[in-house]
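Residue numbers (the numbering used here), protein chains in the order written: chain A, 1 to 207; chain B, 1 to 115; chain C, 1 to 702; chain D, 1 to 330.
For each residue, glycine too, the CB sits at the ideal point set by N, CA and C.
Working notes for the structure below.
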Amino acid sequence: MSSTPIRHPGLNLGHAHAEAHEASESLVFGFWVFMMSDLIIFGLLFATYVTMLGGTAGGPGPGELFELKSAFIETSLLLVSSFTFGMASLALKYRTDRKVLVGWLVVTLLLGLAFLGHELYDFHKMFTEGGVPSRSGFLSAFFALVPLHGLHVTAASIWLIALLGQIAVHGLDTQTKTGLMRLAILWHFLDVVWIGIFSLVYLGGTA
Amino acid sequence: MSHRQLSDEEAREKAQELRSYCWGFGLAAVLTLIPFGLAAFTQIATATLYWVIGVCGVIQIVVHFRFFLHITLARNKREDLQLILFTVLILTIMVGGTLWILFNLYYRMMPSMIP
Amino acid sequence: MTHWADWMLGRLDWSALPFWDAIVDPTTKNIVNAIIASGAGAMVILGGLIVVGVLTWTRRWRWLWREWLTSPDHKKIGIMFIAIALVMLARAVIEAVFMRLQQAFGLDGGFLTADHFGQLFTTHGTIMVFFMAMPFLTGIINYVMPLQIGARDLSFPVMNSISLGLTAAGAAIVMVSLMLAPFSTGGWSGYPSFTESAANPGAGVDYWIWAVTLSTLSSTLTGINFAVTIYKQRAPGMSWLRLPLFTWTALCTSILMIFGMPPLTVATALLALDRYLDFHFFTADLGGNMMNYINLFWAFGHPEVYILILPAFGIFSEIFSTFSGKKLYGYGALVIATLAIAVLSFTVWLHHFFTMGQSAHINAIFGIATMLIGIPTGVKIYDWMLTMFRGRIRFSVPMIYAIGFIMLFVIGGLTGIILAVPSVDYQIHNSLFLVAHFHNMLIPGLLFGMLGGTNLWFSKAFGFRLEERWGRRAACCWIVGFMLAFFPLYALGVLGMPRRSVAFFEPAYLPWTVAAMVGAVIILVAMLCLLIQLWVSVRDRHANRVPGGDPWDGRSLEWSVSSPPPEYNFPVIPEVHSRDAYMRQKETGGGAHPRPDDYEDIEMPANSAMGPIFAITGFLLAFGLTWYQWWLVVAAGVAALIALIARGYVRDTTRLIPAAEVRRQHEAWLATLASLTPVTRADEQSAANRGLPASPIEGAVQ
Amino acid sequence: MFHPLFHLRTHSRYRHWSIGLLAIWLSGCSEHPISFLDPQGPIAAAQRHQLGVIIGLTSIVVLPVLILTPWLIVRYRYGSRSTYRPHWGFSKLADIVIWGIPCLVVVALAVVAWRGTLALDPYRPLSGSEDVKPLRVQVVGFDWKWLFIYPDQGIATVNELVVPVHRPLALKLTSASVMQGFFIPALGSQIDVMNRMVTQLHLEADNQGEFPGKNMQYNGKGFHHQHFVARVVDDSAFQNFVTRTRESGMTLGPRVFDRLMAQNTGRALVQSLEAPGADNATHEGDRRLRFGHLPANLFDDIVEHATPDWSSIKSGGTRNDASSSPEARP
């Protein structure tokens, strides 16, 4: 019900669309609420992970399985992708050339896929070293927490592809824009969760 | 939609927002490098290292919210901010409670689970 | 060929039939149980066939699809939620009667097998919480809340339809388990390691996991939908402190849904990982421990209790105020109390497992936190009493439920405080005392609220009032039946009888279990009365029509529109100037139904098949996962994903109702109104009540 | 030093005769004390006392509702001539009362709960008189029977807990199966038993007699059969029981242990062993077993999921603690 101008990144729906503004405000707020509900899930998985640290049952522990280098590479990929999504948001908001927008989005998508690829490679290496979830409670907790983040990144990537398709079909109409705005929130949010993962799981485990 | 000429005001705004993203990126990068660097290349005490990791992580989360997700103290962001703060409260209760309860249970019934 | 069948059917085989045990091992007990179980399954099949037959015979399939299943209208979705709730209520009450019968004959025997009894208490609990209480309150909030805040619909109508679909899929999974048995025997809380595959390898626990998961997803989405609607869709002038109390409780409930459901999602997901992918969260070996499940489950379970109870509190607030013909006492205090309960409910979950061995300090702190909730709850009770004080109390059906509630609920409060003291809880934990306590909270608290709310708002939804005499009989049977069924359980609890026992060996228990059985039968009679009430009401619908839309001299905005309301709710969005907005409109000069100057085109959401699609794919996904039919899992999952992506490409999502049409409908209703005779409250329960109250209220001081 | 538990005990007898009456009425047809309303030990007695205090305090808030609501609905029914003030919705005085009194009651309840919980913590050892050491018993919950190991006496029983009167009991408990709840209502608290975990419980009996014990946590189709008897006897009878069990009890070897681990009720277990050691003295005796020889550290091995050290049975390991046994008293 507020009449203050809406300042969500990327949203610039034009004057004649007061109702569209209102609708998208609900959409974005609703998405925030959803993210916060999701955050509780992550929080509880973090807590579970910490309580399972002692449950290695004689299997490999964090010190043997985690590598600082690959964690750093993954962190960098995700952080840069957050920044490039920010650039895409700017391009959307100030209606620069659509090619610029699509370009930034594609770069973001590639970074996200690179992250996923690297993470999968990491898991593969852990598997070959005996780090499988059925080995111990600790590994179960790890493979619930970190891959869930990866699953979110996968979902976000699929959504990004779908939105690129929407841009191609419908152009930059209200629905595409609000879609991009919500995806932006999801993307940045995943980076925030990753901060928790690299700090607690990787740095905490190898320190 | 084709390329469009921005008004002066819009151009200023855009430049400002671009700066904000860059600041955010820079800060986040530094806050990532500090703990990684300390963990990889130095031999400081583990307890200190945990503290550094924790503090850098928390600051970086705030940086992300401020510069990437645009959550500020501005009036039109109040609802989002309230929502986030309430979530933090609930998270604290649930996560803190879980850790408190479970480690107490371990201590009294299952000491082998305490790492 | 066999290989092909294995691939198709997974682990589903003949032994899933409910009468299989009787064929393999035809003892008397097995045959009796097979008859009961197959009878239940046959009832479901028969019910389904009748519905399909009637729809086909009356050629209503297209109508069903267009007007109901794909409708994004919050009113229709609300009604469908309540329909699910009532069907599931009937099943769960019958199960309860079987359990009470068993225990009445249960001194060293009885007629049910232990496994059958285990399934009964598990399905009873699961249904009552996830597929009766949740859909019921979701349905009522869905119907009433947008009308109360002056909105045209929820913020996300299609998501609302998806929520309905997911709940329906979960309910269907529980129903299918009657025909392709068994269901879990692990109780509604499903504690591992009993529910781990080592102890329980069958499909039962998996049925339970996926049914609950579907319900959880549905409730999370619903919570988001309600909260955003209340935040963003309020009519102009409807500030926070002008919200009707029911809407306040709806807001708090939806916040609890948003933040309370994730712990359950985590708990069941981790249990599923243990069962399906050999993880070790809650197993006894390899570093797992089941204590975290119990912790997570109750981190959900306690907010859940208040998800269930708060909307009922809201309904009772409306009922007490409306049927006392009086302003609600202590609005501010009630709002603060509601908010306090909502926040405190996140801080007490440990009181569900005081006996697990944690330190006395932790127990004491959580015990005291639990007692703190007693303060706002007590304040609410007294606020309602003060609302009746110096009122003019009319004993229509909703008020009978409300009075039954207030008297019985405080007894539940008393026993709740007893359970909250850890040192006493050591004596009554997991006993029938606990069972009696939570039924004491949920039957008078939740169910009476929902039934009272149904009696209150039924006329709004369908245009005619529910019949009073059978309604009163139903309410009285509920109250008496409840007391007789559950007060004995308190006695059994302090006598140390564990919950969930199929039989017992202590003769001292027998008189109490027999008394409880009689109570359960009276509750069954109450269910029959409800059915007769519905039947009689539909039969006499013309006599009980209330086209004026306001049969109870209501106070909030939902009474200001016709019964049933137009699909857009309000021809013109009302402007709100005070609390009890419609009452004020009636009392001040402007007239209850001012004629708007001009009308505008109204944009409403268009029908969408997303709800049914998610219902079907959700059901198939859960079914495939339960029986290891992986092809079905993949197919249903891919179909759901494609539907979701494709929905993003749809642009034709709204429908325009022209201003002329709105004008025509509204003018017609105004003309009807003009033809009605206003009635005083003395005639409220008579056929003269056409939904137009006489004003002013007679005999008022000040 | 002021002992809160003691404090709770002294008052219980006098103040809460009403609950005592209730107990007699409730359990009138019962042969043995089945409930804490008829307490047979200090813990149960203190719990009954607390129950009375809580009911009393809470009634301050609850009773007015039960009394005033009928009055309100009669006095202010539609058609009565009482005052009608439709716009009245707030009174400062009433608000102070309805917030204040529940708050005070909860403060009082909180004090009761805090002190009671700390005093009755199941982990808190009971200090009987100076010269009596607590009797140690290790309890293992199986599907669906209870095993009681007396480590200091070197004996074990199934579904029968024999203890001397007036001597504190120090129980350590675990489960060899899923979660269960160990409970002797007439003596005191229940506590959960869980696989790989050890919980503790301290009890004491004031009177001799047979008190039923049970499992409170559902664990499958034999759940309702998982009950046992706590037999409280005098010292000489206990000594007698120990001696007799040592001499004529069965050996808890691998075969018996496998049968224990299998899902069966006490009765089925006894039948499958055709047990010569089964005590047939009572009508329920066909569910009970006594063992005079068992492996050392059996309890710890069950907790650790290790194979019991069967060789220790013959090497006299059953009585590893006999020299330091408090059974030295005649």
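Minimum Cα-Cα distance from G374 of chain C among the listed residues C:V266, C:Y582, C:G404 and C:A340 corresponds to C:A340. Put simply, of C:W457, C:G471 and C:F619 the residue whose alpha carbon is nearest the alpha carbon of V546 of chain C is C:W457. When only Cα atoms are considered, V107 of chain D and T178 of chain A end up about 52 Å apart. Straight-line spacing of the CA atoms in F156 of chain C and V28 of chain A works out to 12 Å. Per DSSP, the continuous alpha helix (DSSP H) segment holding T84 of chain A begins and ends at L68 to K93. Here DSSP, grouped into helix, strand and coil, assigns G288 of chain C to coil. Between G41 of chain D and L161 of chain D, the gap from beta carbon to beta carbon reaches 8 Å or more. The continuous stretches of beta strand (DSSP E) do not include L118 of chain D, which lies in the alpha helix (DSSP H) extending over residues K92 to A119. When DSSP reads this structure, M604 of chain C sits in a beta bridge with C:R655. Residue nearest to N207 of chain D within the set D:L147, D:P254 and D:L187 is D:L187 (criterion: CA-CA distance). When C:L256, C:L166, C:L180 and C:V379 are compared, the shortest CA-CA separation from L104 of chain D is found for C:V379.
Restricting attention to beta strand (DSSP E) runs no shorter than 3 residues, the segment 210–268 of chain D encloses them at 227–233, ordered along the chain. Legend: CB atoms of the segment 73–86 of chain B lying less than 9 Å from CB atoms of chain A belong to residues A74, R75, N76, K77, E79, D80, L83, I84 and F86. About 15 Å separates the Cβ atoms of G493 of chain C and A420 of chain C, ruling out a contact at the 8 Å cut-off. When C-beta atoms of the segment 637–644 of chain C are compared with those of the segment 192–199 of chain C, fewer than three pairs fall below 8 Å, so the two segments do not count as touching. Q190 of chain D is a Cβ neighbour of Y426 of chain C, given a cutoff of 8 Å.
Per the DSSP secondary-structure output, T199 of chain D pairs in a beta bridge with D:L173. When CB distances to chain B are screened at a threshold of 9 Å, the residues of the segment 197–213 of chain D falling below it are M197, V198, T199 and Q200, in chain order. For A516 of chain C, the three-state secondary structure derived from DSSP is helix. Using a Cβ-Cβ distance cut-off of 8 Å, the segment 221–235 of chain C and the segment 229–238 of chain D are not in contact, since fewer than three pairs of beta carbons, one from each stretch, lie closer than that value. Taking every protein chain shown into account, the CB of T654 of chain C has fewer than 16 other CB atoms within 10 angstroms, so this residue is exposed. Within the model, the alpha-carbon separation for W57 of chain C versus M497 of chain C is close to 52 Å.
Straight through space, the alpha carbons of G220 of chain D and L298 of chain D are spaced by roughly 25 Å.
Three or more beta-carbon pairs drawn from the segment 455–473 of chain C and the segment 136–156 of chain C are found closer than 8 Å, and the two stretches are therefore classed as touching. Going by C-alpha positions, L69 of chain C is about 7 Å away from P612 of chain C. With 16 or more other Cβ atoms from the protein chains shown falling within 10 Å of its own Cβ, D383 of chain C counts as buried. In the three-state DSSP reduction, E467 of chain C falls in the coil class, being neither helix nor strand.
Its chain contains S82 as the residues whose beta carbon lies nearer than 6 Å to that of H188 of chain A, once the 5 sequence neighbours on both sides are disregarded; these appear in chain order. In the DSSP assignment, the residues bridged to L289 of chain D are D:V158. If you ignore the 5 residues before and after H118 of chain A, its C-beta comes within less than 8 Å of the C-beta of S70, I73, E74 and L77, all in its own chain and listed in chain order. Setting aside the 5 residues that flank it on each side, F223 of chain D is surrounded in the same chain by W144 and N215, each with a C-beta closer than 8 Å to its C-beta; the list follows chain order.
Per the Cβ contact rule, the segment 123–134 of chain C is not in contact with the segment 518–527 of chain C (fewer than 3 Cβ pairs under 8 Å). Neighbours of W144 of chain D in chain C, taken as residues whose beta carbon is under 7 Å from its own, are absent, since the nearest beta carbon is some 10 Å off.
Along the segment 318–392 of chain C, the alpha helix (DSSP H) occurs as fully enclosed runs of 4 or more residues at 331–344 and 360–388, listed in sequence order. In this structure, DSSP gives V572 of chain C a state outside helix and strand, which the three-state scheme calls coil. Across the structure, M399 of chain C and S675 of chain C are spaced so that their CA atoms are roughly 29 Å apart.
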